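If you're matching positions, the sequence shown starts at 5 in our numbering and goes up one per residue. Before any comments, here is the structure.
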Amino acid sequence: WRRLAAANPAAHEPGLANSLTHLGNHLSEVGRRSEALTVTEQAVEIRRRLAAANPAAHEPDLANSLTNLGYWLSEVGRRSEALTVTEQAVEIRRRLAADNPAAHEPDLARSLSVWAWLRFVAEQDPAEALRATGEAVEIYRRFMADAPARFLSPLCGVLNLQADMLASLGRLREARTIRTWLAALSDGLD
5 WRRLAAANPA AHEPGLANSL THLGNHLSEV GRRSEALTVT EQAVEIRRRL AAANPAAHEP
65 DLANSLTNLG YWLSEVGRRS EALTVTEQAV EIRRRLAADN PAAHEPDLAR SLSVWAWLRF
125 VAEQDPAEAL RATGEAVEIY RRFMADAPAR FLSPLCGVLN LQADMLASLG RLREARTIRT
185 WLAALSDGLD
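So, in structure tokens, the structure goes:
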């Protein structure tokens, strides 16, 4: 892809960015986080250029790469930068979801979940992080009606995060209620 993109950027940079994003995911899965970070930063750089030239075509992919970058930055201890890029992803996805909720709200929920998790582990503004998980839960619940197999796992993930946040804030009754609901939902994952 790199040679193709060098020879004809307009035709091949989107493919290169996509390939770099997937490579970053795979590198992280095998514990090579700093390499995952490097290639994801390259994907973001390319996608920022592409989105500047054609936002409608490339902003969804940019938001995806920014969300991944936020996660990888956090994994290597760069939490402030992680929050910044994840906030950018949330802003892009809010804009996209306002124009086309059916196409973009699930991705907004994913970015909100990552952003909330980053705020939670950084111990920054837990009330805002909790609000973001609530918004993500609401989105996933709406989409569960039409595609439960697709949205059950991410819904359970954000509910687990929400319960952890509530417990850390001393709101144990609410956390227990969510965990009970989560246990019932999780039976559907088997």
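Each residue gets a CB set at the ideal place from its N, CA and C atoms; glycine is no exception. Bear in mind the structure is a predicted one, so any value in this text is a computation, not a measurement.
Exercise for the section: Give the straight-line distance between the Cα atoms of Ala57 and Arg183, rounded to the nearest whole angstrom. Expected result: Looking up residue 57 in the sequence shown gives position 53. Looking up residue 183 in the sequence shown gives position 179. Their Cα atoms are separated by approximately 45 Å.
Problem - Member of Arg175, Asn29 and Arg114 whose CA lies at the smallest distance from the CA of Pro158 - result: Taking the first residue of the sequence shown as position 1, residue 158 is located at position 154. Shortest Cα-Cα distance from Pro158 to any of Arg175, Asn29 and Arg114 involves Arg114.
Handout entry: Through-space distance from Leu77 to Leu41, alpha-carbon basis
Key = By 1-based counting over the sequence shown, the position of residue 41 is 37. By 1-based counting over the sequence shown, the position of residue 77 is 73. In this model, Leu41 and Leu77 are separated by some 7 Å (Cα to Cα).
Exercise for the section: Please determine, among Phe147, Ile143, Leu189 and Arg154, the residue with the shortest C-alpha to C-alpha distance to Asn164. Expected result: Reading the sequence shown from its first residue, position 160 is the one you call residue 164. When only C-alpha atoms are compared, the closest one is Leu189.
Problem - Where Asp111 falls: helix, strand or coil (DSSP) - result: Walking along the sequence shown from the start, residue 111 turns up at place 107. Correct three-state label for Asp111: helix.
Handout entry: Whole-number beta carbon distance between Ala120 and Thr137, since they are thought to touch under 8 Å
Key = The residue given as residue 137 occupies position 133 in the sequence shown. The residue given as residue 120 occupies position 116 in the sequence shown. The pair is a contact, with the Cβ atoms about 5 Å apart (cut-off 8 Å).
Exercise for the section: Return yes when the Cβ of Phe155 is within less than 8 Å of the Cβ of Pro110, no when it is not. Expected result: Looking up residue 110 in the sequence shown gives position 106. Looking up residue 155 in the sequence shown gives position 151. Judged by beta-carbon spacing, Phe155 lies within the 8 Å limit of Pro110, meaning their Cβ atoms are closer than that value.
Exercise for the section: Count the C-beta pairs between the stretch 91-104 and the stretch 123-132 that are closer than 8 Å, then say yes if the count reaches three, no if not. Expected result: no
Practice task
Pick out whichever of Arg145, Glu178 and Leu122 has its Cα sitting closest to the Cα of Arg83.
Solution key: On the sequence shown, position 79 is the one that residue 83 refers to. Comparing Cα positions, the closest option is Leu122.
Problem - Delimiting residues of the alpha helix (DSSP H) encompassing Val94 - result: Walking along the sequence shown from the start, residue 94 turns up at place 90. Unbroken alpha helix (DSSP H) run through Val94: Arg83 to Asp103.
Handout entry: Same chain, Cβ closer than 8 Å to His62, five either side skipped, listed in chain order
Key = In the sequence shown, the residue the question calls residue 62 occupies position 58. Correct list, in chain order: Pro18, Arg51, Leu54 and Ala55.
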